[in-house]
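Trainee: The structure is given below, and queries will be raised subsequently.
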Amino acid sequence: MAMYSASTLMEMQKCDPSSAFFGFMGVTSAIAFANMGAAYGTAKSGVGISSMGVMRPDMVMRSIIPVVMAGVLGIYGLITAVIINGKMDAATYSAYSGYAHLGAGLTVGMSSLAAGLAIGIVGDAGVRANAQQPRLFVGMILILIFAEALGLYGLIVGLVVASTAEGKGKGLCSPYNV
1 MAMYSASTLM EMQKCDPSSA FFGFMGVTSA IAFANMGAAY GTAKSGVGIS
51 SMGVMRPDMV MRSIIPVVMA GVLGIYGLIT AVIINGKMDA ATYSAYSGYA
101 HLGAGLTVGM SSLAAGLAIG IVGDAGVRAN AQQPRLFVGM ILILIFAEAL
151 GLYGLIVGLV VASTAEGKGK GLCSPYNV
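For the sequence shown, the UniProt record's numbering assigns the number 1 to the initial residue and increments by one for each residue that follows.
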């Protein structure tokens, strides 16, 4: 930690307390949008499974994979929200960190939302088609993997952005409660 003289500290701008707002919006964005994607993917895939299960009840357990993959998207948002929240310190939280954490939360949340939309549509159509032609199962799984990868890419980028905010901008402002 850098040492500053009293006159330098008086001239430094205090850390803006509204910076925490952006950090908390990153937390909210990560969990809310990721859960929206997970909910849509689960619901849309569940409709397809229910419809297919009427004619082919023996294939219901095999067709549950899209629901599980959609549920993982919510975990991506949870991981990001917990990491961002753990890095927030009201006294020394800079605007740079707040903006970076907002960007990280939006990256993970929106990527997971997009992945959930894709998983839901593929899961619905895929399990119905799989009931009529079982050889389509591997193709459906591959498409689901590529759809899930969108959320995983967002998680990776979000975690990189959140980790780069660590300590950056702290030298630009003094603690708010000093």
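Note that CB positions come from ideal geometry on N, CA and C, so glycine has one too.
Determine whether the beta carbon atoms of residue 23 and residue 96 lie at a separation below 8 Å.
Mentor: Contact: no.
Trainee: Please confirm if the region 18–35 is in contact with the region 54–71, defined as three or more CB-CB distances below 8 Å between the two stretches.
Mentor: No: the two stretches stay apart, fewer than three of their Cβ pairs being nearer than 8 Å.
Trainee: Starting from residue 45, trace the alpha helix (DSSP H) in both directions and tell me its first and last residue.
Mentor: Where residue 45 is concerned, the enclosing alpha helix (DSSP H) stretches over 19–55.
Trainee: If I follow the unbroken alpha helix (DSSP H) through residue 121, where does it start and stop?
Mentor: Note, residue 121: alpha helix (DSSP H), 95–132.
Trainee: Measure the alpha-carbon distance for residue 12 versus residue 76 and round it to whole angstroms.
Mentor: Confidence at residue 12 is low in this model, with a pLDDT of 49, below 50, so its placement is unreliable and no value can be given for it.
Trainee: Given a threshold of 16 other Cβ atoms within 10 Å of its Cβ, counted over all protein chains shown, does residue 84 qualify as buried or as exposed?
Mentor: Buried: at least 16 other Cβ atoms inside 10 Å.
Trainee: Run through DSSP, which three-state label would residue 193 get?
Mentor: Coverage of the chain is limited to positions 1 through 178, which leaves residue 193 absent and any answer about it impossible.
Trainee: Excluding the five sequence neighbours on either side, which residues of its own chain have a C-beta within less than 6 Å of the C-beta of residue 113, listed in chain order?
Mentor: Closer than 6 Å at Cβ, skipping near neighbours: 33, 36 and 37.
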